[in-house]
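In the UniProt record's numbering, the protein residues as written are 1 to 198.
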């Protein structure tokens, strides 16, 4: 069995690196469950600065949806197409055993949104998409201030600003939900591959 000597790496590691303060968010999970996020990031032009910027693509270290207003914040915020802080992705978690049905998940999404907005009628008007397969969550239109009310609700993992999955068609992705009518998503891997640059 081969052994790896790590002593040569010890001099290159810098504990005071600017990357030490990166948000501790599970971006690997997001890249698997929300693949267009990493595809969209690949199309962003490189920074003009000689030093590498620390990038905030989703939220701060406490998973807050609020943008930082601190003048001492050196991080750059990348605005992905469609990210307007009025469209939100609410990622939820469900028990594995017994796993809920698709209908139960949709009902949970609507109940969660109704809790924040005050009525089921408003929830049905403001939910515009959801998924029960690629990721478990829903997309809704609410203000940035209102998006904070999702924090701490049962099953809510993350509250993220939403962005287009298909910039050309200004589409946020997911199965569409329009006033109670569900229109299944029709995307495939070819959409993502066509946006990649080699």
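Note that CB positions come from ideal geometry on N, CA and C, so glycine has one too.
The beta carbons of residue 106 and residue 130 sit about 6 Å from each other, so the pair counts as a contact at 8 Å. DSSP places residue 119 outside both helix and strand once states are collapsed to three, so it counts as coil. Judged by DSSP in its simplified three-state form, residue 114 adopts helix.
Counting C-beta atoms within 10 angstroms of its own C-beta, residue 101 has fewer than 16 neighbours from the protein chains shown and is therefore classed as exposed. Proximity to residue 137 across 96, 121, 156 peaks at 156, based on C-alpha coordinates.
In the three-state reduction of the DSSP assignment, residue 106 falls in the helix class.
Excluding five sequence positions before and after residue 171, the CB atoms of its chain that fall closer than 8 Å to its own CB belong to 164, 165, given in chain order. According to the DSSP secondary-structure assignment, residue 156 is paired through a beta bridge with 92.
Straight-line spacing of the CA atoms in residue 162 and residue 117 works out to 18 Å. The C-alpha of residue 143 lies about 29 Å from the C-alpha of residue 95. In terms of Cβ geometry, residue 108 and residue 92 form a close pair [threshold 8 Å]. By the Cβ-count criterion, residue 79 is exposed, with fewer than 16 other Cβ atoms from all chains shown falling within 10 Å of its own Cβ. Just so you know, the alpha carbons of residue 150 and residue 127 end up roughly 14 Å apart. Taking the CA atoms as reference points, residue 87 sits about 14 Å from residue 177.
A residue is called buried when at least 16 other Cβ atoms come within 10 angstroms of its Cβ; residue 175 meets this threshold and is buried. For the set 112, 99, 98, the Cα lying nearest the Cα of residue 147 is the one of 112. Taking residue 182 as the centre and dropping the five residues before and after it, the same chain places the C-beta of 106, 175, 176 closer than 8 Å to its C-beta, in chain order.
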